[in-house]
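Everything on this sheet refers to the single structure shown next.
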Ligand code: SF4
């Protein structure tokens with residue numbers, strides 16, 4: 010009996026997994042790409058080229074109407090299950106702010122508050138980020154705020170490489186849709202993911218880097234500033250450079 014049951018259970022699991030995959034691929038507009046062995050930037054790690062390819066497919070269709078821009082990316086994302094974090098999140102945190110913002114802040118991943126509310130940077134670190142934005146002479150609604158990962162890693166553990174690879178195409182699509190003049194990467198993971206560098210954030214910050222033609226300033230994460238208030242001076246230096254770049258029209 011058991012010898013017959015095991016293959017049947019395996020087959021049912023395979024069918025279930027295949028059905029989920031087809032649903033997700035359909036939502037992302039890449040029907041059955043995996044059957045051709047293209048795979049995309051999946052949880053086992055993907056290349057930038059793969060990520061770019063998947064990002065290019067993130068155009069949403071709702072009831073037959075094609076949505077463009079950020080709305081299209083959000084619609085295409087749907088109830089994303091591209092990595093295991095979908096199983097532990099409470100809410101997916103897509104991002105919020107001005108869909109045509111000049112300045113985009115990119116953090117690491119949602120924390121407990123963000124996971125509960127479905128909004129980025131709403132905890133203590135988020136309140137500090139809001140004060141930084143206001144000190145720059147802007148309102149929070151004028152900029153766009155998002156994270157590398159859209160779902161909270163359990164217990165706020167560090168993002169895993171496979172999760173970053175699975176989620177990065179979504180961020181690329183967001184940035185493409187917004188078309189910002191400047192990007193500010195908040196903290197080590199955002200800077201490392203966007204710049205494909207492993208240099209310490211203390212080395213990367215303080216100067217602009219090139220992100221596909223967009224000036225990118227890495228700086229310390231607001232959560233780091235809560236633990237190390239002395240670093241606020243460096244962050245202020247970094248955001249002043251951003252302000253100058255925005256004012257100069259460069
Ligand atoms: S972290 Fe990103 S890739 Fe993973 S389930 Fe959430 S939205 Fe999808």
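Residue numbers (the numbering used here): 10 to 259.
We put the CB at the ideal spot given by N, CA and C, even for glycine.
Model, not experiment: these values are computed from the prediction.
Bridge pairing for residue 116: 156 [DSSP]. Taking the C-beta atoms as reference points, residue 190 is found nearer than 8 angstroms to residue 255. Within its own chain, the residues whose Cβ lies closer than 6 angstroms to the Cβ of residue 186, once the five positions on either side in sequence are excluded, are 78, 79 and 82, listed in chain order. Note on the segment 128–182: whole beta strand (DSSP E) runs with a minimum of 3 residues are 153–156, in chain order. Counting only beta-carbon distances shorter than 7 angstroms to the non-hydrogen atoms of the ligand SF4, the qualifying residues in chain order are 86, 89, 90, 91, 92, 94, 95, 98, 101, 158, 159, 160, 172, 175, 176 and 179. With respect to the C-alpha of residue 192, the residue from 164, 227 and 161 having the closest C-alpha is 227.
Within the same chain, and ignoring the five residues on either side of residue 252 in sequence, the residues whose Cβ sits closer than 8 angstroms to its Cβ are 145 and 146. In the DSSP assignment, residue 189 falls outside any alpha helix (DSSP H), carrying neither H nor E.
By the C-beta criterion, the segment 227–242 is judged to be in contact with the segment 120–140, since at least 3 inter-stretch pairs fall below 8 angstroms. Cβ neighbours of residue 122 within its own chain (closer than 7 angstroms, five residues either side excluded): 131 and 132. DSSP places residue 195 within a strand segment (E or B) once states are collapsed to three. Classified as buried, residue 107 has 16 or more neighbouring CB atoms from the shown chains inside 10 Å of its CB. Residue 176 and residue 124 have their alpha carbons spaced roughly 16 angstroms apart. In this structure residue 221 is exposed. Its beta-carbon is surrounded by fewer than 16 other beta-carbon atoms within 10 angstroms. Residue 229 has no beta-bridge partner at all, per DSSP. Rounded to the nearest angstrom, the gap between the Cα atoms of residue 105 and residue 216 is 26 angstroms. Taken through DSSP and simplified to helix, strand or coil, residue 222 comes out as coil.
Across the set 110, 210 and 90, the C-alpha of 90 shows the shortest separation from the C-alpha of residue 158.
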